[in-house]
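Have a look at the structure below before the remarks.
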Amino acid sequence: MGKFSFFEFIREQWTELPLSTADVSRKSLVVVGANIGLGNEAAVHLAQLKPKSLLITTRDEVKCEQAKADIETRSGMTGIESWPLELTSFDSVRSFVNNFEAKGCTVDALIANAGVATWNYAKTSDGYETTLQVNYLSTALLSILMLPHLVKSGTPESASRLVIVSSSMHYFAHTLNGADKWDNIIEKLNDQAYCTPSVMGDRYNLSKRDPRSVVRTRTVFSSSHSDNGRSIHRQSRFLPLQSYTKCQSLA
Ligand SMILES: NC(=O)c1ccc[n+]([C@@H]2O[C@H](COP(=O)([O-])OP(=O)(O)OC[C@H]3O[C@@H](n4cnc5c(N)ncnc54)[C@H](OP(=O)(O)O)[C@@H]3O)[C@@H](O)[C@H]2O)c1
Numbered sequence: 208m209g210k211f212s213f214f215e216f217i218r219e220q221w222t223e224l225p226l227s228t229a230d231v232s233r234k235s236l237v238v239v240g241a242n243i244g245l246g247n248e249a250a251v252h253l254a255q256l257k258p259k260s261l262l263i264t265t266r267d268e269v270k271c272e273q274a275k276a277d278i279e280t281r282s283g284m285t286g287i288e289s290w291p292l293e294l295t296s297f298d299s300v301r302s303f304v305n306n307f308e309a310k311g312c313t314v315d316a317l318i319a320n321a322g323v324a325t326w327n328y329a330k331t332s333d334g335y336e337t338t339l340q341v342n343y344l345s346t347a348l349l350s351i352l353m354l355p356h357l358v359k360s361g362t363p364e365s366a367s368r369l370v371i372v373s374s375s376m377h378y379f380a381h382t383l384n385g386a387d388k389w390d391n392i393i394e395k396l397n398d399q400a401y402c403t404p405s406v407m408g409d410r411y412n413l414s415k416r417d418p419r420s421v422v423r424t425r426t427v428f429s430s431s432h433s434d435n436g437r438s439i440h441r442q443s444r445f446l447p448l449q450s451y452t453k454c455q456s457l458a
């Protein structure tokens with residue numbers, strides 16, 4: 208995907224979205240943050256394709272029940288699993304994956320969609336600035352912990368997929384001047400004194416650029432996997448797992 212001109216951005220708003228009719232009857236799918244927005248629409252669309260299984264996440268049990276009912280009603284699929292996952296908490300990420308493993312679940316595609324955009328500096332219970340943790344650190348942790356399960360289900364004929372939903376706003380992220388002299392980039396980005404209103408105004412953009420450093424890959428985009436419609440397709444990175452070469456430490 209290239210950087211949109213203003214004209215292209217406006218034109219995109221009226222673009223008809225292609226809807227896939229792919230056969231996912233043998234695929235186990237996971238959508239993170241499926242109670243509203245793009246994640247909800249993606250989950251409804253995927254459910255309509257009748258996958259082998261669909262596991263969605265929301266932030267709490269109440270939203271889990273509501274989202275499950277909503278998606279089942281709109282798609283006609285039954286038996287959707289709906290589990291809590293709170294990305295402001297590393298423990299929540301770990302317990303989600305522990306639960307996934309304890310139940311012997313499999314995954315062919317993980318759509319890491321959940322994200323937050325705020326200009327306000329607020330720390331999570333783990334001590335990280337919220338956008339930094341939700342959009343980057345916890346998304347990275349989830350991706351890395353789920354990677355073995357994705358690798359296990361992928362075959363040469365049918366690669367499993369990790370989709371980290373990015374944003375074209377990452378093109379506007381500022382250069383981190385002086386970062387080569389910082390002892391620890393994450394700690395610096397987390398430092399409240401560093402996070403002036405100007406820095407926080409750029410935080411969402413930066414958080415959407417960083418997923419590229421979570422997993423380095425040669426092939427980042429495949430139009431043949433634009434199953435979720437163009438808004439998802441345009442703003443996501445589809446990463447064939449066999450091209451994964453390196454993961455950044457969460458240190
Ligand atoms: N909409 C756009 O124009 C656009 C453009 C480019 C990229 N994106 C990206 O697309 C993704 C979805 O955006 P959207 O517009 O659909 O946003 P949205 O409507 O605000 O939905 C965001 C989803 O993420 C969940 N979420 C937020 N904070 C979370 C946390 N701490 N732990 C777990 N889940 C959390 C939300 O749950 P709650 O409802 O409980 O908060 C919700 O399910 C995001 O990654 C966003 O950055 C969107």
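In terms of my numbering, the numbers along the sequence shown are unbroken and rise by one, the last being 458. Ideal Cβ placement from N, Cα and C applies to all residues, glycine included.
Query raised in the report: Is the stretch 365–379 in contact with the stretch 404–414, if contact means three or more CB pairs nearer than 8 Å?
Result: Yes, since at least three Cβ pairs between the stretch 365–379 and the stretch 404–414 fall closer than 8 Å, the two stretches touch.
Requested in this report: Verify the contact flag: residue 359, CB atom, against every heavy atom of ligand 1, threshold strictly below 7 Å.
Outcome: In terms of side-chain proximity, the C-beta atom of residue 359 is found no nearer than 7 Å to any non-hydrogen atom of ligand 1.
Query - Cα-Cα separation between residue 273 and residue 347, rounded to whole angstroms - result: Taking the straight line joining both Cα atoms gives about 27 Å.
Requested in this report: Return yes when the Cβ of residue 255 is within less than 8 Å of the Cβ of residue 282, no when it is not.
Outcome: Taking the C-beta atoms as reference points, residue 255 is found nearer than 8 Å to residue 282.
Query raised in the report: From residue 224 to residue 252, what distance separates their C-alpha atoms?
Result: Those two C-alpha atoms are separated by around 12 Å.
Query raised in the report: Whole-angstrom Cβ separation of residue 345 and residue 314, contact assumed at under 8 Å?
Result: Distance from residue 345 to residue 314 at the Cβ level is roughly 17 Å; contact not present, criterion being Cβ atoms closer than 8 Å.
Query raised in the report: At what residue ranges does the stretch 322–372 contain a whole run of the alpha helix (DSSP H), taking only runs of 4 or more?
Result: Unbroken alpha helix (DSSP H) stretches of 4 residues or longer found wholly inside the stretch 322–372: 345–360, given in chain order.
Query - Under the three-state DSSP convention, the category residue 274 falls into - result: Helix.
Query raised in the report: Within 7 Å: the Cβ of residue 320 and any heavy atom of ligand 1?
Result: At least one heavy atom of ligand 1 falls within 7 Å of the beta-carbon of residue 320.
Query raised in the report: When DSSP builds the beta bridges, which residues end up paired with residue 235?
Result: Beta-bridge pairing links residue 235 to 260.
Query raised in the report: Distance, Cα to Cα, residue 428 vs residue 370?
Result: Low per-residue confidence applies at residue 428: pLDDT is 26, beneath 50, and the placement is therefore not dependable enough to give any value.
Query - For residue 291, three-class secondary structure by DSSP - result: Strand.
Report task. May I have the straight-line CA-CA distance separating residue 214 from residue 221, to the nearest angstrom? Result -> Each residue's Cα considered, the two are about 12 Å apart.
**Report entry** Span of the alpha helix (DSSP H) around residue 317
**Finding:** Element bounds for residue 317: not the alpha helix (DSSP H) but the beta strand (DSSP E), 316–319.
Query raised in the report: Identify the residues that DSSP records as bridge partners of residue 265: which are they?
Result: Paired residues: 291.
Query raised in the report: Per the contact definition of three or more C-beta pairs closer than 8 Å, is the stretch 391–399 in contact with the stretch 305–319?
Result: No: the two stretches stay apart, fewer than three of their Cβ pairs being nearer than 8 Å.
**Report entry** Anticipated Cβ contact below 8 Å, residue 337 with residue 403, distance rounded
**Finding:** Residue 337 to residue 403, Cβ: 16 Å. No contact.
Requested in this report: Run the proximity test for residue 415: is its beta-carbon closer than 7 Å to any non-hydrogen atom belonging to ligand 2?
Outcome: Ligand 2 is not part of the structure shown, which contains ligand 1 as its ligands.
**Report entry** Straight-line gap, residue 326 to residue 238 (C-alpha atoms, nearest Å)
**Finding:** Near 26 Å, if we compare the C-alpha coordinates of residue 238 and residue 326.
Query raised in the report: Any beta-carbon of chain D closer than 8 Å to the one on residue 319?
Result: The displayed structure is made up of one protein chain only, and chain D is not part of it.
Query raised in the report: Out of curiosity, what's the CA-to-CA distance linking residue 357 and residue 400?
Result: The alpha-carbon of residue 357 is positioned some 39 Å away from that of residue 400.
Query raised in the report: Taking 7 Å as the cut-off, is the CB of residue 270 close to at least one heavy atom of ligand 1?
Result: Indeed, a heavy atom of ligand 1 lies less than 7 Å from the Cβ.
Requested in this report: Please go through the same chain and pick out, in chain order, the residues whose beta-carbon is closer than 8 Å to the beta-carbon of residue 380, but skip the five residues on each side of it.
Outcome: Taken in chain order, the residues that qualify are 409, 412, 413, 415 and 416.
Query - Any non-hydrogen atom of ligand 1 within 7 Å of residue 316 CB - result: Flag unset: Cβ of residue 316 not near ligand 1.
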